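See below for the structure under consideration.
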Amino acid sequence: MITLNAPAKINWFLEVSGLRSDGYHEIKSLIQTISLFDVISLAPSEELTLLSDLEIPDEQNLIYKAARLLKSECKVDAGAEIRLKKRIPVSAGLGGGSSDAASTLLGLNTLWSLGLSAENLRAFAGQLGSDVPFFLNGPLALVEGRGEKVTCFGSERPIDMLLVKPRVAVSTRWAYENLDASRNSVSDPELTNKADKADNTTPFIHDVSKAELCGNSHIHNDLESVTINCFPAIADIKNRMISEGAVLSMMSGSGPAVFGVFHSAKEAEKASRLFEDHWTAVVQTVTD
């Protein structure tokens, strides 16, 4: 049996440009994995089966899609029993499904003795979703294009943070569609400021890799404003984190999970007591 930890992620910044000809959005994001994991176990079997407590049909689960893709493209006759222990919240903006898919590709490459190269695996990952290629690399990377351009960076020290997810679910498709609608209806200040954001990318990557963040650090998320408009609890969580001593706070990905950076795990744990009505986790960023 092969057992893998599939980590969650946070987006330190997320810039979303227009639609590409393939229907995906052009993005630019600094992503880092964190110490919150799903656990995936793979064992030989005659059939391909997925065992989990998620109420999602196999055909819609990225784990099953990843396995079917490899089995078909690599002409594999064998099956596999895949077990998922889910710890990362679903539809939270933390990348759980994409991470599970990447771990499945890695695990089956070993279980089925496929011998696929990193380049081959990235090509399969790109067919499954925009975040999946990142999870084959990590732990800290600048992701561009539709997610296929991954530039990795070193990360020297872990950063302590608190995750809080309100009791709502946000689909990635919904977030992007609402961003497009808002930009089509009014002039979006996020678009006009994009040049300034790009200028700060390199020094900000340095700050993250050295764990030298401060209150005016270069974090931003183009999806945050449209999601907060429908789910104001996100703004409330951010404000409460800052009032409790967070150095900075922002929604991750398409949300609604929010992360707050603290000076220590002890401070993050103390702040978590304010959010007993929500899902919370005290975590650290993953380093090299």
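For the sequence shown, this note's numbering gives the first residue as 1396, with consecutive numbering after it. Here a beta-carbon is modelled for each residue, glycine too, at the ideal position from N, C-alpha and C. In this text, all values refer to a predicted model and were calculated from it rather than measured experimentally.
- If you look at residue 1400, you'll find it in the beta strand (DSSP E) that goes 1397-1414.
- Inter-residue distance for residue 1651 and residue 1638 is about 20 Å (C-alpha atoms, whole angstroms).
- Boundaries cannot be given for residue 1507, as no alpha helix (DSSP H) includes it and DSSP labels it neither H nor E.
- In this chain, the alpha helix (DSSP H) harbouring residue 1518 covers 1513-1523.
- If you ignore the 5 residues before and after residue 1609, its C-beta comes within less than 7 Å of the C-beta of 1642, all in its own chain and listed in chain order.
- The criterion of a C-beta distance shorter than 8 Å is satisfied by residue 1443 and residue 1462.
- Residue 1607 sits exposed, since fewer than 16 C-beta atoms from the chains shown fall within 10 Å of its C-beta.
- Contact between residue 1557 and residue 1630 is absent: CB atoms are separated by about 16 Å, not below the 8 Å threshold.
- In this structure, residue 1653 keeps its C-beta atom at 8 Å or more from the C-beta atom of residue 1563.
- Annotation: residue 1644 is outside any alpha helix (DSSP H); the continuous beta strand (DSSP E) that includes it extends over 1643-1646.
- In the structure shown, residue 1468 falls within a helical segment according to DSSP collapsed to helix, strand and coil.
- The region 1488-1499 and the region 1519-1527 touch, with no fewer than 3 CB-CB distances between them shorter than 8 Å.
- For the pair residue 1659 and residue 1677, the Cα-to-Cα distance works out to about 10 Å.
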